[in-house]
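Written below as structure tokens is the structure these notes are about.
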Amino acid sequence: MGYFLEVKSLLKLYCGRFLGLISHSSVISLLITIPIVFFLPEIFDKYNAEITDRTINSERRIIYFEDLNNDGISEKIIFQSTTPGMINLFVYENDLVLEQWNLEGLRIPSFESICGDVDNDGLTELFIFTYRNNKIFINCLSPFKNKFYVEDRFISEYFPVSNVIDCNVFTLGLFDNNDDGINELYFYTNVGFSEYPRKIFSYDVFQDSLISSPKSCASLLHSIPHDVENDGKIDFLAATTAVGNCDKNDAYTDWFAWLMVFNHDLSFKLEPKIIGNYSSISRIKPLYKNNEKFFVVFSEKIGAFSDPAKLSIYDNGFNKLTERKFYEKPEEWENALLYTKNDLNQKYFYIIKMNGLIEKYDSELEIVETINFPYRKFFDRIVEYDLDKDQSNELFFISRDQENLIIAESDFLNFTLLDLEGAKHLKKFAIKHNVENDSELHIQFKDISYLITYGVNPLYYLKYPIYIGIYLVLFAIITFIQKLQTFRIEQKHRAEKRMTELQIKAIKNQIDPHFTLNILNSIGALSYKNQPEKADYVFGKYCKLLVQTIRNSDKIVTTLSDELKFIQNYLDLEKFRFNNRFEYNIEIEKGIDPSLNIPRMLLHNFVENAVKHGLRHLDSGGKLFIKISNGFDKYSIVIRDNGVGRNATREIEFNNTNCGLDIIDQISEAYFDLRKVKITYKIIDLFNEESEPTGTEVQIKIPIDK
Numbered sequence: 121m122g123y124f125l126e127v128k129s130l131l132k133l134y135c136g137r138f139l140g141l142i143s144h145s146s147v148i149s150l151l152i153t154i155p156i157v158f159f160l161p162e163i164f165d166k167y168n169a170e171i172t173d174r175t176i177n178s179e180r181r182i183i184y185f186e187d188l189n190n191d192g193i194s195e196k197i198i199f200q201s202t203t204p205g206m207i208n209l210f211v212y213e214n215d216l217v218l219e220q221w222n223l224e225g226l227r228i229p230s231f232e233s234i235c236g237d238v239d240n241d242g243l244t245e246l247f248i249f250t251y252r253n254n255k256i257f258i259n260c261l262s263p264f265k266n267k268f269y270v271e272d273r274f275i276s277e278y279f280p281v282s283n284v285i286d287c288n289v290f291t292l293g294l295f296d297n298n299d300d301g302i303n304e305l306y307f308y309t310n311v312g313f314s315e316y317p318r319k320i321f322s323y324d325v326f327q328d329s330l331i332s333s334p335k336s337c338a339s340l341l342h343s344i345p346h347d348v349e350n351d352g353k354i355d356f357l358a359a360t361t362a363v364g365n366c367d368k369n370d371a372y373t374d375w376f377a378w379l380m381v382f383n384h385d386l387s388f389k390l391e392p393k394i395i396g397n398y399s400s401i402s403r404i405k406p407l408y409k410n411n412e413k414f415f416v417v418f419s420e421k422i423g424a425f426s427d428p429a430k431l432s433i434y435d436n437g438f439n440k441l442t443e444r445k446f447y448e449k450p451e452e453w454e455n456a457l458l459y460t461k462n463d464l465n466q467k468y469f470y471i472i473k474m475n476g477l478i479e480k481y482d483s484e485l486e487i488v489e490t491i492n493f494p495y496r497k498f499f500d501r502i503v504e505y506d507l508d509k510d511q512s513n514e515l516f517f518i519s520r521d522q523e524n525l526i527i528a529e530s531d532f533l534n535f536t537l538l539d540l541e542g543a544k545h546l547k548k549f550a551i552k553h554n555v556e557n558d559s560e561l562h563i564q565f566k567d568i569s570y571l572i573t574y575g576v577n578p579l580y581y582l583k584y585p586i587y588i589g590i591y592l593v594l595f596a597i598i599t600f601i602q603k604l605q606t607f608r609i610e611q612k613h614r615a616e617k618r619m620t621e622l623q624i625k626a627i628k629n630q631i632d633p634h635f636t637l638n639i640l641n642s643i644g645a646l647s648y649k650n651q652p653e654k655a656d657y658v659f660g661k662y663c664k665l666l667v668q669t670i671r672n673s674d675k676i677v678t679t680l681s682d683e684l685k686f687i688q689n690y691l692d693l694e695k696f697r698f699n700n701r702f703e704y705n706i707e708i709e710k711g712i713d714p715s716l717n718i719p720r721m722l723l724h725n726f727v728e729n730a731v732k733h734g735l736r737h738l739d740s741g742g743k744l745f746i747k748i749s750n751g752f753d754k755y756s757i758v759i760r761d762n763g764v765g766r767n768a769t770r771e772i773e774f775n776n777t778n779c780g781l782d783i784i785d786q787i788s789e790a791y792f793d794l795r796k797v798k799i800t801y802k803i804i805d806l807f808n809e810e811s812e813p814t815g816t817e818v819q820i821k822i823p824i825d826k
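With this note's numbering as the guide, the letters of the sequence shown map in order to residues 121 to 826.
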């Protein structure tokens with residue numbers, strides 16, 4: 121009986137502990153938070169893609185975007201054929217027609233614009249390929265000089281089957297392979313049912329020199345530039361497609377898939393090697409192993425064949441080092457893509473399958489990682505651009521039905537899907553560079569085109585704070601309902617309260633509480649006045665300011681770039697608060713290092729003083745000018761305002777204690793102790809010819825290492 125009572129007591133004890141655990145406010149809050157988070161809208165993806173323009177287009181009209189005058193803003197280039205046998209070329213600068221040119225013939229299609237600075241004069245030339253009388257011609261135009269460097273230069277004969285243009289031109293790039301200071305254009309042509317031309321060409325505009333690869337019937341569907349021997353000369357890799365459109369006895373017939381490497385003079389570096397039979401597709405990429413260069417080749421059969429897909433590693437002498445065959449179902453490998461990052465130390469490559477599986481391989485052809493691509497069935501072409509300017513290319517895929525754009529990071533960690541309703545017959549990708557270093561992706565289809573922006577979703581960094589906030593709100597509610605029944609909950613509440621006070625104190629050291637309350641009141645007023653766009657704008661600016669403050673709360677050093685971003689957000693909010701009573705301009709000389717380390721909030725304190733003590737006392741016409749100049753051993757930063765001046769400020773603000781300057785002095789001294797960098801500043805009162813105050817100028821000197 122005693123044993124039974126003892127067991128019963130233990131069970132009662134453990135059941136009580138278990139019930140106490142699950143009834144604890146923290147556990148209850150977590151259990152409620154999980155389903156709430158699960159059913160929240162999907163607004164926290166890392167990246168956002170948005171259509172900014174959707175334009176109905178004519179299939180006889182092709183649009184490119186290129187920065188032709190190197191001013192950071194893309195010009196619009198339009199090819200159209202409204203008159204049979206004539207090409208009309210228009211170049212627009214700032215939405216105004218710069219000039220129009222007319223060329224005879226039909227335009228040979230190219231997926232991307234073919235252009236470049238041939239003579240290194242800072243202006244970009246356009247290359248236009250035309251066809252007439254069974255001949256292909258090249259034209260080279262400098263739009264901003266309104267000058268044709270080359271007109272109707274004969275390239276090759278071309279006899280299309282059934283008078284259907286099936287020739288395409290693909291650019292390989294401009295390279296000065298003969299060291300004469302002039303870039304030669306390298307490009308290749310590929311055809312469908314027609315037999316020729318299937319060559320790589322090099323054209324020197326000023327020497328009027330045309331070089332071509334040996335006569336071949338190989339289908340050069342994939343060719344890439346690459347310095348094979350590290351001699352500073354660009355060579356060219358090619359893995360061809362075996363489609364069986366030529367005679368079997370033709371030179372390098374397309375009844376076989378070939379591995380080809382061309383020298384910079386377009387001669388064969390080695391005798392081409394057969395790597396596949398009819399009907400197959402091959403792709404090639406460079407690969408590195410122990411600082412040595414190799415080639416990875418992927419080949420697959422197309423059509424109703426059972427031959428396995430193959431991955432092979434070749435050395436520079438075309439010797440096969442290793443091979444791996446795959447006997448899975450052929451449809452799993454159909455139109456699979458071979459991809460490597462644009463990295464000279466790339467030791468891995470990816471196989472992207474149409475069934476949504478991405479496999480990462482090492483140089484031993486072993487799978488090191490498998491990634492599930494959330495989309496299936498896309499075009500067998502990857503387009504790469506650094507659209508968000510993060511120094512890493514994004515990958516752009518178009519779905520097979522052409523109704524979706526898929527954007528992925530180069531490591532395939534994040535995916536973004538954008539609906540392209542109504543899109544059919546993809547023609548072209550291009551990047552449009554706008555003011556303020558902003559870029560848009562331009563995609564043209566047969567009768568519609570899109571402009572698309574892409575960048576980091578500002579809500580992404582708020583995802584976990586919001587989740588935590590939901591949890592904390594629930595926790596506080598449940599804790600309140602339980603009336604703080606246990607000492608543990610009470611202690612936890614005290615700790616959280618203290619933590620919150622410390623966080624608020626840290627934030628108050630960065631952002632003036634009066635400023636914060638004004639912003640929040642303004643957002644509320646805008647919402648009340650049914651002005652959601654303005655409210656969203658102000659809220660977004662304030663969020664950026666707040667996120668940067670919180671993220672850097674434990675840092676005393678920041679970069680010049682981050683400090684300027686913080687200042688811009690702050691000034692935009694102050695402009696809004698003061699009803700645009702002032703304007704500001706930030707001027708940065710060329711050569712300024714944006715990653716220069718400076719004390720955090722140093723510049724902001726001066727800018728804040730200019731706004732709070734100078735510009736805010738003006739009724740209108742306020743101006744704030746910030747200029748960063750590059751001296752011999754110092755950066756010079758000038759912050760100038762046309763406010764009421766310091767003397768007037770003292771009279772107006774009789775309680776002003778100049779504590780801001782004291783903080784700046786303390787920051788400068790601490791920074792000197794930490795980095796041994798002496799930052800100096802000088803404040804100058806500005807006056808006009810009548811000795812009337814016209815503002816204040818601060819001159820800051822920051823030493824730099826040369």
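We put the CB at the ideal spot given by N, CA and C, even for glycine.
Computed from a predicted structure; not experimentally measured.
Residue 823 has its alpha-carbon roughly 31 Å from the corresponding atom of residue 813. Beta-bridge partners of residue 355 (DSSP): 346. Looking at the DSSP output, residue 516 sits in a beta bridge with 503, 527.
Looking from the CA of residue 442, the closest CA among 453, 485, 411, 413 belongs to 485.
Note that the segment 738-750 touches the segment 690-709; at least 3 beta-carbon pairs, one per stretch, sit closer than 8 Å. Around the C-beta of residue 585, fewer than 16 other C-beta atoms lie within 10 Å, and the residue is accordingly described as exposed. For residue 293, the uninterrupted beta strand (DSSP E) segment begins and ends at 287-295. Here residue 720 carries a coil assignment [DSSP, helix/strand/coil].
Counting C-beta atoms within 10 angstroms of its own C-beta, residue 153 has 16 or more neighbours from the protein chains shown and is therefore classed as buried.
Around the C-beta of residue 170, fewer than 16 other C-beta atoms lie within 10 Å, and the residue is accordingly described as exposed. Contact check for residue 208 against residue 222 passes: the beta carbons are separated by less than 9 Å. Judged by beta-carbon spacing, residue 330 lies beyond the 9 Å limit of residue 307, meaning their Cβ atoms are not closer than that value.
In the structure shown, residue 378 adopts extended strand secondary structure according to DSSP, grouped into three states. Distance between residue 467 and residue 407, taken at the CA atoms: about 6 Å. Residue 471 places its beta carbon 9 Å or farther from that of residue 493. Inside the segment 530-607, DSSP marks whole beta strand (DSSP E) runs of 3 or more residues at positions 535-539, 548-553, 559-564, 568-576, from first to last along the chain.
The DSSP-derived three-state label of residue 244 is coil.
Here residue 302 carries a coil assignment [DSSP, helix/strand/coil].
Residue 473 counts as buried, since at least 16 other C-beta atoms from the protein chains shown sit within 10 angstroms of its C-beta. Under DSSP, residue 260 forms a beta bridge with 247, 270. Taken atom to atom, the span from the alpha-carbon of residue 451 to that of residue 509 is near 36 Å. For residue 324, the uninterrupted beta strand (DSSP E) segment begins and ends at 320-324. If the five residues before and after residue 816 are omitted, its C-beta is found closer than 8 Å to the C-beta atoms of 730, 734, 760, 761, 763, 765, 766, 803, 804, 805, 806, all from its own chain and listed in chain order. Residue 395 carries a strand assignment under DSSP once its states are collapsed to helix, strand and coil. Per the C-alpha coordinates, the member of 504, 499, 535 positioned closest to residue 521 is 499.
Taking C-beta separations shorter than 7 Å and ignoring five residues to either side along the sequence, the partners of residue 736 in its chain run 698, following chain order. Cβ neighbours of residue 434 within its own chain (closer than 6 Å, five residues either side excluded): 415, 440.
Distance from residue 235 to residue 249 at the Cβ level is roughly 12 Å; contact not present, criterion being Cβ atoms closer than 8 Å. Taken atom to atom, the span from the alpha-carbon of residue 707 to that of residue 215 is near 26 Å. Going by DSSP, residue 696 is part of the alpha helix (DSSP H) stretching over 680-697. With respect to residue 784, residue 722 sits close: the two C-beta atoms are nearer than 9 Å. Taking C-beta atoms as the reference points, residue 687 and residue 757 fail to come closer than 9 Å. Boundaries of the beta strand (DSSP E) around residue 174: 167-176.
In the assembly as shown, residue 447 is an exposed residue. Its beta-carbon has fewer than 16 other beta-carbons within 10 Å. Taking C-alpha positions only, residue 147 is separated from residue 158 by approximately 17 Å. For residue 316, the secondary structure class from DSSP, reduced to helix, strand or coil, is coil.
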